[in-house]
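**Q**
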Amino acid sequence: MAAVNYYYSSVSSNLELKKNQQKIEMILDSKKIPYNKLDVAADTDLRDKMRGIIGDPKALPPQLFNGDTYCGDFDAFEEALETETLEEFLKLK
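Dropping the structure here:
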């Protein structure tokens, strides 16, 4: 099973983005789902890789992947929480 890769930005003035990132981390931590935190602000190569896999040159964090398989953005993450399909969303099942 591949690891969950969580692309985020440590540098942002956007309060909503920060709250969304905190919520993702809080949920993953509370459900004891291991993940790799990948900071696109600290490494532009990571940002480019994230955007390349998604196929959107303007994609912004937070974004979730299982290995290099794209799972979705924050809205998709939140929908998976509401429908209780988080493990399926993260491709852990």
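The sequence shown begins at 17 in the numbering used here and counts up by one. All C-beta atoms in this analysis are idealised placements derived from N, C-alpha and C, irrespective of residue type, glycine included. These numbers were taken from a predicted model, which means no experiment stands behind them.
#1: Which residue wins for smallest C-alpha separation from ARG63, given the options GLU103, TYR24 and ALA19?
#2: Looking at C-alpha atoms only, which residue of GLU100, LYS109 and MET66 is the closest neighbour of GLY88?
#3: In whole angstroms, what separates the C-alpha of GLN79 from that of TYR86?
#4: For a test of the three-state rule: what should DSSP assign to LEU80, helix, strand or coil?
#5: DSSP three-state label for ASN36, please.
**A** According to the structure shown:
#1: What you label residue 63 is simply residue 47 of the sequence shown in a count that begins at 1. Distance check between ARG63 and each of GLU103, TYR24 and ALA19 places TYR24 closest, using alpha-carbon atoms only.
#2: What you label residue 88 is simply residue 72 of the sequence shown in a count that begins at 1. Among GLU100, LYS109 and MET66, the Cα nearest to that of GLY88 is on MET66.
#3: Here residue 79 refers to the residue found at position 63 when the sequence shown is read from its first residue. Here residue 86 refers to the residue found at position 70 when the sequence shown is read from its first residue. The straight-line gap from Cα to Cα measures roughly 8 Å.
#4: Within the sequence shown, numbered from 1, the residue matching residue 80 stands at position 64. LEU80 falls in the strand class under three-state DSSP.
#5: Here residue 36 refers to the residue found at position 20 when the sequence shown is read from its first residue. In the structure shown, ASN36 sits in a helix (DSSP, three-state: H, G or I).
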